[in-house]
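Chains as they are written, first to last, in the numbering used here: chain B, 224 to 545; chain E, 243 to 597; chain D, 25 to 341. We put the beta carbon where it would ideally sit given N, CA and C, even for glycine.
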Amino acid sequence: MKEAYLGIDIGSISTKGVIIDEDNNILASSYIWTEGNPLGSAKKLLGILEEQFDKETYQIVATGTTGSARNLVGAMVGATMVKNEITAHAIGTTTLYPDVRTILEIGGQDSKIILVENGVAIDYAMNTLCAAGTGSFLSSQAKRLGVEVEEFGDIALKSTHPTQIAARCTVFAESDLVHKIQMGHPKEDIIAGLCKAVVSNYLNNVGKGKKILSPVVFQGGVSKNIGVTAAFKEALGCDIIVDENGHLMGAFGVAILAGRSSKRKVFDFSVEDMEFKTRDTNCGRCPNNCEIICVYRDGVLIDSWGNRCDRGAIKIGTKLAN
Amino acid sequence: MNGVKKVSFPSFTHYNYAFKYFMENGVGARYIMPPQMTLRTLDRGTKASPDYVCTPFKTTLGSMMDCLEAGADTIFMSMGLCRLGYYGELQEQILRDMGYQFDFVNLSEYSTGKRRDYIKALKRLNPRMSVAKMMLVLAETVKLVEQLDEAEAMYYKNCGFEKVKGSCKTAIKRYHTAVETATTGRELEAAYKKFKKEFNDIELDKPENPLKVGVVGEFLTAQDAFSNLDVEQKLADMGVEVYRYLNATSRMFHYKGKNLQVETSEYCKYDMGPTSTINIWAAKNYASHSFDGIVHIKSAGCTPEIDIMPVLHNISEDYKIPVLYLTYDSQTSDTGLATRLEAFYDMISMRKKVL
Amino acid sequence: MQKNKGAEPVKKKITIGIPRAMLYYRYEVLWKNFFSILGADCVISEPTNKEIIKSGTAAAIDEACLCTKIYLGHVKSLIGKCDYILIPRISNFGIKRNMCTKFEALYDIACNTFRKTSQKFLTYNVDVIEDCPEEKAFIEMGIELGFSKKEALNAYKEAKKGETESLKNHLKANESLYKKNGLKILIVAHSYVAMDSYIGKPVTDFLKKLGTVPIMADVVDRKDALKRSAKVSPTLKWELSRELVGSIDEHIDKIDGMVLMSAFPCGPDSMVDEMIIRKFRGKPILNITLDDQDGTAGLETRLESFVDILRFKGGTL
């Protein structure tokens, strides 16, 4: 039996998974929508991965989770490695592109920049306050314009005179956009303007004070938008690499990390059949009223988090009442 | 009752204990300990505040409401060199417009630099205050602040490496309790001595060359654990020595602004704002002592701290030290912060292994 | 780094670059007079335009206020076009007479932001609390440019005379506006916001187009305004805000409404505007926050409806 490692990246919008071998070759991969149900989508994802996976030759000996629901799904699958998505992405990308110097990333809620030297992240920044210029911002503007966000890139490339749009913050950008529509700017110019605004907002916020050196890799959900990629290319004056597996980079990275760590635990696909329940309880022991999330497997508490102090601590192993 | 007031100062980290000691023993007023701030404090403060004001305005306003509900009849408010200096008057106006009834002693009204004016302010809390006694206790209070700051510095340097989890916290909590009930300088000294002994006896499991992170930033948000979502504890818990030069001792009682300015003259000609020089100096000091990273903490819209960011960029570039910039507003979430800190930790620990 | 950027004595005709932003609108006459008396040339940057805002935004910290971005855009546009760019540090004129901390920092912000250029910067430091009054600061600046103490002092005194004269005329013209017929709207804004051709001026222009009389609150008898502001808000300490609050107090009965105009996110305005709203109840107030959007359509709608409300109150709609 050869060793294999499983990585799962559960974001607010999509759930991604890969299984890799010891040489980082992808043995199975999948990408589905989270649809507000991280446990359900993780189960579904595991089902798809199981179908692609050769159980006769390989055995999954380490499992990693990343993304905003990393703790929840980590508890469910019994992960040996739970890592934040920034590190996971950096590891995934530097493994595939050992020479990379700059990683630009724009996801659903966050945008970040990672500077790399000799394969190691040496500096990074993440958007500080608002979500202007992230994926969710683009989606909501697409809705306003009555187009699918997936079409954004193609439409943007048709424009020759992108409209200037203030994108410093979501509120200002939206009010500005409404007026531009009202004033009769053509849709493709507005969309191209939005793509440019996303880029200039990004460079003025997370990119401020950072030396952006080539090779540059652009990833995250928004990297699928060729309009934004083109705007980056123009603004930075260099080639922008967008990997076709860019959306899997987080899952890939956390699978590598799980493999590198010494922790081993054979993963069993039977978790698909177990019953998982999450429960929110409000602590109520002080006015913080922390929302504590408890995860139960077949009725037994396996993990909980969300409390700001010890008062809200809940004992593992407690049975689910009712 | 003889005009003796039940006074509170809005909650501000461990200085609550120093205020209590000074007000009760020096001024002879009753001190109502500000209730521990909670999300409700922030929420109520935010709702009553103008939108774009810096976050400490909102938390201190919320804390004033907490104090008044806890039984205080007088609020005592600080002066300050930035917007802080105008907090008091606007907060009083807002609270009065909301219908709160209370006395308000705003040091900004007395900030002439003359001692007799500050005494006038304090006499409003207790008309029969003895100035001699007050001065004596003031000296003890300054000492107390130094000790509280010192204890905190020891705590964040070591708590990430304790063998028995929670032992550092227990020691410092016990110290704070002792300070809270002390009524004489001797008791304060004894409490501090006891703390130091107890703390130094805590068994640690620290590598020879641990990760070191220096914290710089805005006076209130960088120091107050509630306001910064316990960022120093979170960092320490990952196995990091956390240093912060900025505190009341270094900025108020032993401020060496002119020296610090000389030592940072390659970056700045002038003092750029209330905490600018001290933060630039500290950042350069961390960088030149091979720290692994710097964390810059501020509330949204804090002008002086925004203004030193170009300098921090240059220090980061010159010394090749990563700086994590954190901006707090009333919406900042624990999870968002944790993700940034974890990634920062991962990065500096991997860098350390390679370099 | 700044040390090397300091001035060396030169006798050839020097050119001073002055950014048309921030305190330019307050000290235009003083600066131009001072340098021209000393025989130096002044280059003033172009009025703010889209390009200046864009390059300033790229240079400035994202969270900095719009005026900082505009300022750095102006500085950048002057780089290489003059011997020195003038960026004073103005901290205070005494107790409770402070400037926003921005004006303490601006010189070092610019030096740190543009440190990779070979541009030299010229500065002077007004910090009355630390015993640096304006006169002393100008003498030191003159000496740094290679002039004698006497030459510098004379130039300062002469320039100051011109400034006083100009302020007087300006004030007289402005006061006459309060006697004009029509809706009088007090523009409560820092001069670098209200007078900026890209962000504030379109607002006053539009108000004129609507047939109203916009009047700048900051053009006021400054001494008198300071006294008044101390009564309205005793701990208010920003000189420019105090002049505005004092001016409102003086003129409140002569105006129909106020427009509070602020550049996002202005520190002092975030508090002072709130205080103004709470202290001067009864007068209609429109609160506008300006960002770098170039569309004024949204703004125009708000201004129009505000003017409608004022007219409606006056029964002239």
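Measure the alpha-carbon distance for residue i versus residue j and round it to whole angstroms.
i: E:THR577; j: E:GLY330; result: 32 Å
i: D:SER69; j: D:CYS106; result: 11 Å
i: D:MET165; j: D:TYR148; result: 6 Å
i: D:GLY97; j: D:LYS78; result: 7 Å
i: B:TYR425; j: B:LYS433; result: 12 Å
i: B:VAL429; j: E:ASP588; result: 19 Å
i: D:LYS337; j: D:LEU310; result: 15 Å
i: D:VAL53; j: D:GLY322; result: 35 Å
i: D:ASN28; j: D:LYS232; result: Its pLDDT being 47, under 50, D:ASN28 is placed unreliably by the model, and nothing is read from it.
i: D:THR259; j: E:ASP359; result: 14 Å
i: D:GLN26; j: E:MET340; result: Note on D:GLN26: pLDDT 45, under 50, position unreliable in the model; the coordinate value appears next. C-alpha separation (whole angstroms): 50 Å.
i: D:LEU146; j: D:ASP132; result: 11 Å
i: D:PHE230; j: D:GLU324; result: 7 Å
i: E:ILE557; j: E:SER541; result: 21 Å
i: E:LYS498; j: E:TRP523; result: 11 Å
i: B:VAL250; j: B:ILE242; result: Rather than Val, the amino acid found at residue 250 of chain B in this sequence is Leu. Rounded to whole angstroms, B:LEU250 to B:ILE242 spans 5 Å at the Cα level.
i: D:GLU128; j: E:GLU460; result: 17 Å
i: B:GLY469; j: D:VAL212; result: 51 Å
i: D:THR188; j: B:GLY330; result: 57 Å
i: B:THR504; j: B:TRP528; result: 11 Å
i: D:VAL34; j: D:PHE288; result: Reliability of the predicted coordinates at D:VAL34 is poor, the pLDDT of 47 falling under 50, and the value obtained from them is presented with this limitation in mind. For D:VAL34 and D:PHE288, the distance between alpha carbons rounds to 41 Å.
i: B:ASP496; j: B:TYR347; result: 40 Å
i: D:ILE85; j: D:LEU201; result: 39 Å
i: B:ILE233; j: B:GLU467; result: 19 Å
Going by beta-carbon coordinates alone, are residue i and residue j separated by less than 8 Å?
i: E:ALA467; j: E:THR255; result: yes
i: B:THR310; j: B:ILE231; result: no
i: E:LYS365; j: E:PHE403; result: no
i: B:ILE262; j: B:MET299; result: In the sequence as presented, Ile is not what sits at residue 262 of chain B; that position holds Leu. Cβ distance < 8 Å, so B:LEU262 and B:MET299 count as in contact.
i: D:SER215; j: D:ASP242; result: yes
i: B:ILE271; j: B:TYR228; result: no
i: E:GLU450; j: E:LYS399; result: no
i: E:VAL473; j: E:ASN521; result: no
i: E:GLU584; j: B:ASN427; result: no
i: E:ILE485; j: E:GLY515; result: With the sequence shown as reference, residue 485 of chain E is identified as Tyr, and Ile is not the correct amino acid for it. The answer is no: Cβ separation not under 8 Å.
i: E:TYR187; j: D:SER294; result: The structure shown does not extend to residue 187 of chain E, since chain E is modelled only from 243 through 597, so no value can be given for it.
i: D:LYS303; j: E:GLY327; result: no
Starting from residue i, trace the beta strand (DSSP E) in both directions and tell me its first and last residue.
i: B:TYR587; result: Not covered by the structure: residue 587 of chain B. The range shown for chain B is 224 to 545.
i: E:GLN335; result: Note, E:GLN335: premise wrong, no beta strand (DSSP E); alpha helix (DSSP H) at 326-339.
i: B:LYS239; result: 237-244
i: E:TRP523; result: Where E:TRP523 is concerned, there is no enclosing beta strand (DSSP E), although the alpha helix (DSSP H) it sits in stretches over 518-530.
i: E:SER507; result: E:SER507 -> no beta strand (DSSP E), and no H or E assigned at all.
i: D:CYS135; result: Unbroken run through D:CYS135 is the alpha helix (DSSP H), 126-137; no beta strand (DSSP E).
Where do the ends of the alpha helix (DSSP H) carrying residue i lie?
i: D:CYS106; result: No alpha helix (DSSP H) contains D:CYS106, which DSSP labels as neither H nor E.
i: B:PRO261; result: 261-275
i: B:HIS470; result: Looking at the DSSP string, B:HIS470 is not in any alpha helix (DSSP H), and its letter there is neither H nor E.
i: B:VAL300; result: 293-300
i: B:LEU368; result: 358-368
Quick one: is the Cβ of residue i within less than 7 Å of any heavy atom of the ligand FMN?
i: E:GLN333; result: Of ligands this structure carries none, so the ligand FMN is not represented either.
- Query: Does the segment 253-273 of chain B come close enough to the segment 313-321 of chain B that 3 or more CB-CB pairs lie under 8 Å?
  - Reply: no
- Message: I want to know whether the segment 270-290 of chain E touches the segment 298-317 of chain E - three or more CB-CB distances under 8 Å.
- Response: yes
- Message: Does the structure place the segment 105-123 of chain D close enough to the segment 34-47 of chain D that three or more beta carbon pairs sit under 8 Å?
- Response: yes
- Would you say the segment 503-511 of chain E touches the segment 332-344 of chain E, given that touching needs at least three Cβ pairs under 8 Å? no
- Meets three-Cβ-pair contact criterion under 8 Å: the segment 463-482 of chain E and the segment 374-382 of chain E: Short answer: they don't touch.
- What alpha helix (DSSP H) runs, 4 residues minimum, are completely inside the segment 150-222 of chain D? 158-168, 173-201 and 215-218
- Message: Can you confirm whether the segment 263-283 of chain D touches the segment 176-194 of chain D when touching is taken to mean that 3 or more C-beta pairs between the two stretches lie within less than 8 Å?
- Response: no
- Is the number of C-beta pairs between the segment 493-505 of chain B and the segment 515-525 of chain B that are closer than 8 Å three or more? In short, these stretches touch, since the Cβ pair count reaches three.
- Query: Just checking, does the segment 434-446 of chain B make contact with the segment 317-324 of chain B on the three C-beta pairs under 8 Å criterion?
  - Reply: Touching, yes, given that three or more Cβ pairs across the two stretches are closer than 8 Å.
- Query: Is it a yes or a no for the segment 281-297 of chain D touching the segment 247-256 of chain D, going by three-plus beta-carbon pairs under 8 Å?
  - Reply: no
- Task: List in chain order: all unbroken beta strand (DSSP E) runs of 3+ residues lying wholly within the segment 407-462 of chain B.
- Result: 439-442
- Sufficient close CB pairs (3 or more, under 8 Å) joining the segment 372-391 of chain B to the segment 408-423 of chain B: yes
- Segment contact, 8 Å Cβ cut-off, at least three pairs: the segment 421-433 of chain E with the segment 259-273 of chain E: Under the three-pair Cβ rule at 8 Å, the segment 421-433 of chain E counts as touching the segment 259-273 of chain E.
- Task: Would you check if the segment 313-323 of chain E and the segment 344-354 of chain E touch, i.e. whether three or more CB-CB distances between them fall below 8 Å?
- Result: yes
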